[in-house]
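Mind the numbering: the sequence shown is residues 908 to 1380 in this note's numbering, read in order.
Cβ atoms here follow ideal geometry from the backbone N, Cα and C, with glycine treated the same way.
In what follows, a structure is listed as structure tokens, so that the remarks can point back to it.
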Amino acid sequence: MYDVNSRHAEDFINHEEILETLAYADENKDNVGLIDALIEKAKLRKGLSHREASVLLACDIAEKNEEIFKLAEQIKKDFYGNRIVMFAPLYLSNYCVNGCTYCPYHAKNKHIARKQLTQEEIRREVIALQDMGHKRLALEAGEDPVHNTMEYYLKCIDTIYSIKHKNGAIRRANINIAATTVDNYRLLKEAGIGTYILFQETYHKESYLQLHPTGPKHDYDYHTEAMDRAMEGGIDDVGLGVLFGLDKYRYEFAGLLMHAEHLEAAFGVGPHTISVPRLKRADDIDPDQFDNGIDDDIFAKLVACIRISVPYTGMIISTRENQKTRERVLHLGISQISGGSRTSVGGYYEPEPEDAKSEQFDISDTRSLDEVVRWLMEMDYIPSFCTACYREGRTGDRFMSLCKSGQIQNCCHPNALMTLKEYLMDYAAPETKAIGDRLIEKEVLNVPNEKARKIVMENLRLIEEDNRRDFRF
Ligand code: SF4
């Protein structure tokens, strides 16, 4: 039976509830009165339930969809301004014992090169990432209890945080690793991870079992209840996501929101981020073999509906998507993007040899970080390298309450400008710097109060003189 508070996967991601939700959405997708009321409710910026949001997702009345897109754009502006947080993935190991049918790291793939970074290789990768300008990483690895142990991860995190190269430092390492125990989550928290990310892949249990035929990941309940264990272990920033294309997108959307509602109900804090990957071609994976691919229009609608349903949850898009798609969804709700990414194990320090490729998926946006930063600024976005919330302990419900009240803007906007300025000084190409300096000059006038504006201006000046104090709000 559906129970948002229950700790059992089958209760909080209840199949019957999702089917009823989809039927309700179908019945009401042309119900203009209800749709108007839901759009009005979403305008209060307190979110929508999975049932309400599913009606809007199903709605195919062009003018109502236009309103939904406009509202998503407005909510994005209200909560995130024009800032976009930058990050890069760092693949630690592609050893994996699971049989996921959509991922080239599956155990039966015998021709993909298997690698696990040594601590020395991590050093080289991290220095290469720091030399690009990255401050925030998402660590990635397959599931392999022999190769990818918790001890290995803890060592990696320690190594990553210890590397200070020129003005570079990784200040937030998020981690995307297999579902594990409360004790292990506690160890990750103590090691100083930022967000714990785990994609559900699909919320549809029957499909899940077929798509994960072998390995520990086959256990749907253990996987689905991972975020509960992570929170029990003290990790208060968790990142959800599904792999769109595996099952019907409306089912996944309802499941995703039910998962968010469950975390909020059970722990008082919803997900920190939601990622929206789509299935992509990779080594021995052909996305055409999966029937549920979604086109760019549906993808944009999904992003907009997630944005208005969970306004205070960050949204992430990776280089799985090309420049055009990323551009389209940025203003609809995306708040974090990767740039200059490699999806292989190693590859930042030096390109992988042709005969030893280890990528998890083909990258669609192959531009360098500097090109991505410049492109964002040309569209009037502020690329942000800020990690201050994490460093100041503004995580979990502390972060959420600041976010819900809108006060987080008072920190984020100035911090984005100062961290962008540092990037421009340390890493940017001359033309990128010139564009960025003009943007900062304009944006500093939008810092809300005079006292804060003066502080920011003073710090920008110190950064320009290379006399920085690492000041953040
Ligand atoms: S999705 Fe993760 S668990 Fe599955 S094969 Fe790929 S790396 Fe392994």
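Own chain, CB closer than 8 Å to residue i, minus 5 neighbours either side, in chain order
i	result
lysine 1187	Pro1194, Arg1227, Phe1268, Asp1269 and Ser1271
arginine 1376	Asn1366 and Leu1369
aspartate 1090	Gly1140
serine 1225	Pro996, Ser1182, Pro1184, Ile1244, Ser1245 and Ser1248
leucine 1118	Cys1007, Thr1008, Tyr1009, Glu1108, Thr1109 and Leu1153
Residue i beta carbon near the ligand SF4 (any heavy atom closer than 7 Å)
i	result
asparagine 1055	no
asparagine 1005	yes
histidine 1320	no
alanine 1020	no
alanine 1085	yes
histidine 1013	yes
glycine 1049	yes
lysine 1124	yes
cysteine 1296	no
cysteine 1212	no
cysteine 1293	no
cysteine 1010	yes
Own chain partners of residue i with C-beta closer than 6 Å, once the 5 adjacent residues on each side are dropped
i	result
isoleucine 1067	Val1033, Ile1077 and Ala1080
glutamate 1399	With the chain covering only 908 through 1380, there is no way to say anything about residue 1399.
alanine 1295	Asn1322 and Arg1379
serine 1182	Gly1148 and Ile1223
methionine 869	Examination of residue 869 is not possible in this model, given that the chain is present from 908 through 1380 alone.
aspartate 1135	Arg914
methionine 1039	Gly1247 and Leu1276
methionine 1325	Asn1366
Own chain, CB closer than 7 Å to residue i, minus 5 neighbours either side, in chain order
i	result
lysine 950	Leu978
tyrosine 1255	Glu1032, Ala1035, Leu1036 and Arg1249
threonine 1102	Asn1081, Asp1144, Val1145, Gly1146, His1179 and Thr1180
valine 1176	Asp1143, Leu1170, Gly1303, Asp1304 and Met1307
serine 1251	Tyr998, Glu1259, Lys1264, Ser1265 and Glu1266
lysine 1112	His922 and Tyr1127
glycine 1253	Lys1022, Leu1024, Glu1028, Glu1032 and Glu1259
leucine 1283	Ile991 and Pro1290
glycine 1200	Gly1152, Leu1186 and Pro1194
glycine 1240	Ala979, Lys983, Val1210, Ala1211, Ile1213, Arg1214 and Met1222
alanine 1133	Ala1086 and Leu1105
cysteine 1003	Tyr1012, His1013, Ala1014, Gly1049, Glu1050 and Asp1051
alanine 916	Tyr1127, Asp1128, Thr1131 and Glu1132
tyrosine 1219	Phe986, Met1307, Cys1310 and Lys1311
Where residue i sits in the DSSP three-state scheme
i	result
lysine 1071	strand
threonine 1339	helix
phenylalanine 1151	strand
isoleucine 1029	helix
tyrosine 998	strand
glycine 1146	strand
Any non-hydrogen atom of the ligand GTP within 7 Å of residue i CB
i	result
glycine 954	What this structure holds is the ligand SF4, not the ligand GTP.
Counting only runs of 3+ residues fully inside the stretch 1255 to 1333, write out the beta strand (DSSP E) ranges in chain order. 1289 to 1291
Whole alpha helix (DSSP H) runs in the stretch 949 to 995 with 4 or more residues, listed along the chain? 957 to 965 and 969 to 987
With a floor of 3 residues, list each beta strand (DSSP E) that falls wholly inside the stretch 1174 to 1260, ordered by position along the chain. Taken in chain order, the unbroken stretches of beta strand (DSSP E) that lie wholly in the stretch 1174 to 1260 and span 3 residues or more are 1180 to 1182, 1221 to 1224 and 1243 to 1245.
Could you name each continuous beta strand (DSSP E) segment of 3 residues or more that falls completely within the stretch 1040 to 1108, going from the start of the chain to the end? 1043 to 1048 and 1079 to 1083
Fully enclosed by the stretch 1115 to 1139, which alpha helix (DSSP H) runs are 4 residues long or longer? 1127 to 1131 and 1133 to 1139
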